[in-house]
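Working notes, structure below.
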Amino acid sequence: MKKWLKIVADIVLLLVLALAPYYLSSYHLSLLGRFLAMAILSLGISITWGRAGILSLGQGVFWGLGAYVLAMHLKLAALAPGDMPDFMMWSGLDHLPAWWNVFRNPAVALAGVVIVPTVTAGAMAWLVFNRRVSGVYFSLLTQALALVFSTLLISEQAYTGGFNGLTDFNTILGHDIIDPSFQRAIYWITLAALAVAFILCRWLLGTGFGKVLLAVRDGESRVRFLGYSPAAYKTVAFALAGALAGVSGALYILHAGVISPAMVGVVPSIEMVIAVAVGGRSSLTGVVIGTLLVNFGKDTISSAIPELWQFVVGALFILVVTALPKGLVSLPGIALRIKSILFKSSTAAALEGSNV
Amino acid sequence: MATPLLSVENVTVSFDGFNALDDMSLTLMPTSVRVLIGPNGAGKSTLLDAIIGHVAATKGRVLFKGEDITGVDEYKIVRKGICRKFQAPGILESLTVADNLALAARRHRQCWRSFGTRVSVQVRDQVERVLGLIGLEGKKDFLAAHLSHGQKQWLEIGMVVASDAELLLLDEPAAGMSHDESTQTAELIRSLSSRHSILVIDHDMAFVEQLDAPVSVMHMGKMLREGTLEEIRSDPQIAAVYLGRAKEVPHA
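Chains A and B, in that order, give the protein sequences. Take the first sequence: its letter number 236 is residue 236 in the working numbering, and every next letter is one higher. Counting the second sequence from 1 gives a position; the working numbering is that position plus 356.
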């Protein structure tokens, strides 16, 4: 019964979101689209952190790889054949680098959005996990990776557009990107991608793979001494999170119209984790809700009082870690418990009363 | 002569110049029980670590069914048929009792073969069988975290049994158990010897007596004596070791 209720709730939520283009302004629709794209990344964090206990503070890197790959395609698609992006000419390049040109082909670019972050995340995880680096050391390593990535993007201006990043996208597969009807289509594509990713993750957590990941969080060496290779399982989980991050990044820039190093560095990577923690890292529904709430909160607060957001996000994190370690999704359970305690104490009081 | 299931041949394990194992040898035949005793720091747990590849042997080698497994990855050694129970219960607390056992019972442990939701009939039967052996049928859907200490110990023994490994390494299986519980554990171990070879570490002489198996005594990383419990008990050198006067006695 309870399982059915959950599925019904998920479907209702999906319908409400699917109809959003009919009741939201185009500004708010674009915001919602971005945040739904972010939720895809959050699902990946839920698998790695929520399930397997691997805390990455560098998901911005894989998100950024997906975003930059698509942005390179969009940048090339906006140019006449033979032309170069303006920032390359300003930086004195005389021809388009070959590794840019491969993404001119839309099929290659779309494949690259998934493959580049997946392979990067998988290779990094394989190297690190096989050396039995884990826990806080892994988190620090990923954070350093985020710093390196954003620094590299800024310093290699001739190839990456530097601090300003890549922007001025206007066409994809022959469609006008800023056209309202196409923006609506992108919104639905994003929502569909989130739904598919959600179902995939839900299925995955129920497989033997999902159980081994949970076991790895409980006792990595116990799992190893049952004949499993924790490094292999963790690598696959991390690569999957990388793939979801890449798709998330690519969809995000279709709504936002820009990608820059400031969006992929240390601070955004940490905000991604905070959104997941707020929703409840072990619950897929929870991380989607958390991502939407935190991002809308960020938008509302920072457009009113820009300095305030940093304090709010810090306070939010402390609050969740200390008072709600399982996130917002644990609130209904806590409310029920409080109710039962109150109920019990009142019956106890009534009994005592009758004795007197 | 049949091939021994396990032979540890002159293994030395050094930690910064200290020999936790010093030219240690041990042979175990199929379907036999062996009890390993010795004072604290004698190297008993280190021996299990060396067998299962958790620590690297500085010298010597370990053969399992005639195959050299020295330096092989731990999880690959386990897949060959050696499973170990640790001193502190190493169960998976967020999983149910049945899932703990199913994870141990699964034959296909490679990552790429883990993407199914169905539990095979063999695994399910194995889980049921082991639940019966360890007396936790009624708790199979409980989270392992909610078991009592003795039940956790049994669950871990159950996991080792469920793995269907030919060689079971049990590090203090009865630690922290009540008298009745440890009697049951000894019975369980004796009944397992028809299918598995078992190497048990323990200090508790009452428990060792119940196991009714040949005893090997370790001291300072070496094998001191092997024999029946009576022979061991009547050996003055061993008495000296246990009374802490080891230095007065020449080493074997």
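No residue lacks a Cβ here, since even glycine has one placed at the ideal position from N, Cα and C.
Nearest-angstrom Cα separation, counted from residue j out to residue i
{"i": "Ser-476(B)", "j": "Ser-450(B)", "result": "22 Å"}
{"i": "Ile-289(A)", "j": "Leu-544(B)", "result": "50 Å"}
{"i": "Trp-4(A)", "j": "Leu-13(A)", "result": "14 Å"}
{"i": "Phe-209(A)", "j": "Pro-230(A)", "result": "11 Å"}
{"i": "Asp-520(B)", "j": "Lys-432(B)", "result": "15 Å"}
{"i": "Asn-375(B)", "j": "Ala-596(B)", "result": "21 Å"}
{"i": "Thr-120(A)", "j": "Ala-232(A)", "result": "15 Å"}
{"i": "Leu-308(A)", "j": "Ile-318(A)", "result": "16 Å"}
{"i": "Gly-206(A)", "j": "Phe-471(B)", "result": "9 Å"}
{"i": "Tyr-137(A)", "j": "Arg-222(A)", "result": "21 Å"}
{"i": "Leu-17(A)", "j": "Leu-191(A)", "result": "8 Å"}
{"i": "Glu-423(B)", "j": "Met-385(B)", "result": "14 Å"}
{"i": "Ala-245(A)", "j": "Leu-41(A)", "result": "4 Å"}
{"i": "Ser-394(B)", "j": "His-559(B)", "result": "The residue asked about is misnamed: residue 394(B) is Gly in this sequence, not Ser. When rounded, the distance between both Cα atoms is 7 Å."}
{"i": "Ala-197(A)", "j": "Ala-250(A)", "result": "14 Å"}
{"i": "Pro-360(B)", "j": "Ala-444(B)", "result": "29 Å"}
{"i": "Val-605(B)", "j": "Leu-580(B)", "result": "With a pLDDT of only 40 at Val-605(B), under the threshold of 50, the placement of this residue in the model should not be trusted; the figure read from the coordinates follows. If you take the alpha carbons of Val-605(B) and Leu-580(B), they lie about 11 Å apart."}
{"i": "Ala-195(A)", "j": "Thr-285(A)", "result": "11 Å"}
{"i": "Ile-270(A)", "j": "Leu-57(A)", "result": "6 Å"}
{"i": "His-410(B)", "j": "Cys-439(B)", "result": "12 Å"}
{"i": "Arg-462(B)", "j": "Glu-582(B)", "result": "36 Å"}
{"i": "Ala-501(B)", "j": "Thr-452(B)", "result": "8 Å"}
{"i": "His-575(B)", "j": "Glu-586(B)", "result": "18 Å"}
{"i": "Asp-372(B)", "j": "Trp-468(B)", "result": "39 Å"}
{"i": "Ala-123(A)", "j": "Ala-77(A)", "result": "30 Å"}
{"i": "Ser-260(A)", "j": "Gly-297(A)", "result": "22 Å"}
Burial state of residue i (16 or more Cβ within 10 Å)
{"i": "Met-515(B)", "result": "buried"}
{"i": "Gly-44(A)", "result": "buried"}
{"i": "Trp-49(A)", "result": "buried"}
{"i": "Glu-358(A)", "result": "Within the shown structure, residues of chain A are numbered from 1 to 356, placing residue 358(A) beyond reach of any answer."}
{"i": "Glu-528(B)", "result": "buried"}
{"i": "His-552(B)", "result": "buried"}
{"i": "Gln-59(A)", "result": "buried"}
{"i": "Tyr-22(A)", "result": "exposed"}
{"i": "Tyr-27(A)", "result": "exposed"}
{"i": "Glu-512(B)", "result": "buried"}
{"i": "Ala-193(A)", "result": "buried"}
{"i": "Val-369(B)", "result": "buried"}
{"i": "Ile-274(A)", "result": "buried"}
{"i": "Leu-392(B)", "result": "buried"}
{"i": "Lys-2(A)", "result": "exposed"}
Cut-off 6 Å between Cβ atoms - residues of its own chain near residue i, not counting five sequence neighbours on either side
{"i": "Ser-354(A)", "result": "Reliability fails at Ser-354(A), whose pLDDT of 41 lies under 50, so the model's placement of it is uncertain and the value that follows must be treated cautiously. Closer than 6 Å at the Cβ level, and outside the excluded window around Ser-354(A), lies no residue."}
{"i": "Val-389(B)", "result": "Ser-549, Ile-554, Ala-569"}
{"i": "Arg-589(B)", "result": "none"}
{"i": "Phe-163(A)", "result": "Ile-154"}
{"i": "Arg-417(B)", "result": "Glu-365, Asp-424, Thr-426"}
{"i": "Gln-509(B)", "result": "Pro-445"}
Other residues of its chain near residue i: CB distance less than 7 Å, five sequence neighbours each side excluded
{"i": "Val-486(B)", "result": "Leu-457, Gly-514, Val-517, Ala-518"}
{"i": "Ala-9(A)", "result": "none"}
{"i": "Glu-565(B)", "result": "Leu-585"}
{"i": "Thr-142(A)", "result": "Ser-56, Leu-57, Gly-58"}
Beta-carbon neighbours of residue i, restricted to chain B and to distances below 7 Å
{"i": "Val-236(A)", "result": "Cys-467"}
{"i": "Ser-139(A)", "result": "The premise fails here: Ser-139(A) is roughly 21 Å from chain B at the closest Cβ pair, so nothing lies under 7 Å."}
{"i": "Ala-232(A)", "result": "Cys-467"}
Closer than 8 Å at the beta carbon, the chain B residues around residue i
{"i": "Thr-207(A)", "result": "Ser-470, Phe-471, Gly-472, Thr-473"}
{"i": "Ala-241(A)", "result": "By Cβ distance, chain B contributes nothing, its closest Cβ being about 15 Å from Ala-241(A), past 8 Å."}
Interface residues of chain A facing residue i [CB-CB closer than 8 Å]
{"i": "Arg-462(B)", "result": "Gly-208"}
{"i": "Gly-446(B)", "result": "Gly-219, Ser-221, Arg-222, Phe-225"}
Nonlocal neighbours in the same chain, by C-beta distance under 8 Å from residue i, ignoring five residues either side
{"i": "Asp-179(A)", "result": "none"}
{"i": "Phe-182(A)", "result": "His-175, Asp-176"}
{"i": "Arg-34(A)", "result": "Tyr-252, His-255, Ala-256, Asn-295"}
{"i": "Leu-79(A)", "result": "Pro-85"}
Within chain C, partners of residue i - CB distance below 8 Å
{"i": "Arg-435(B)", "result": "Structure shown: chain C not included; protein chains present are A and B."}
Interface residues of chain A facing residue i [CB-CB closer than 9 Å]
{"i": "Ile-588(B)", "result": "What Ile-588(B) touches in chain A: nothing, since even the nearest Cβ is about 30 Å away."}
{"i": "Leu-459(B)", "result": "Gly-208, Lys-211, Val-212, Ala-215, Val-223, Leu-226, Tyr-228"}
{"i": "Val-440(B)", "result": "According to the sequence provided, residue 440(B) is Arg. The question's Val does not apply to it. Under the 9 Å cutoff, chain A gives Phe-225."}
{"i": "Glu-423(B)", "result": "Ordered by position in chain A, no residue passes the 9 Å Cβ test against Glu-423(B), which lies about 16 Å from the chain."}
{"i": "Ile-408(B)", "result": "Phe-225"}
Listed by chain order, chain B residues near residue i by CB distance under 9 Å
{"i": "Gly-327(A)", "result": "Correct list: empty, because the minimum Cβ distance to chain B is about 17 Å."}
Partners in chain A for residue i, counting only beta-carbon separations shorter than 7 Å
{"i": "Asp-455(B)", "result": "Lys-211"}
Checklist entry - Which ranges does the beta strand (DSSP E) cover as unbroken runs of at least 3 residues, wholly within the stretch 509-545 of chain B, from first to last along the chain? => result 523-527
Checklist entry - At which residue ranges does the stretch 284-340 of chain A contain complete alpha helix (DSSP H) runs of 4 or more residues, listed in the order of the chain? => result 284-304, 308-323
Item to check | Every unbroken beta strand (DSSP E) within the stretch 73-99 of chain A, with a cutoff of 3 residues, ordered by chain | outcome: none
Checklist entry - For the stretch 224-260 of chain A, which segments carrying the beta strand (DSSP E) assignment without a break, of at least 3 residues, lie completely within its bounds, in sequence order? => result none
Checklist entry - What are the start and end residues of each continuous alpha helix (DSSP H) run of 4 or more residues lying completely inside the stretch 151-225 of chain A, in chain order? => result Runs found: 157-160, 180-206, 208-218, 220-224.
Checklist entry - Which ranges does the alpha helix (DSSP H) cover as unbroken runs of at least 4 residues, wholly within the stretch 405-456 of chain B, from first to last along the chain? => result 430-437
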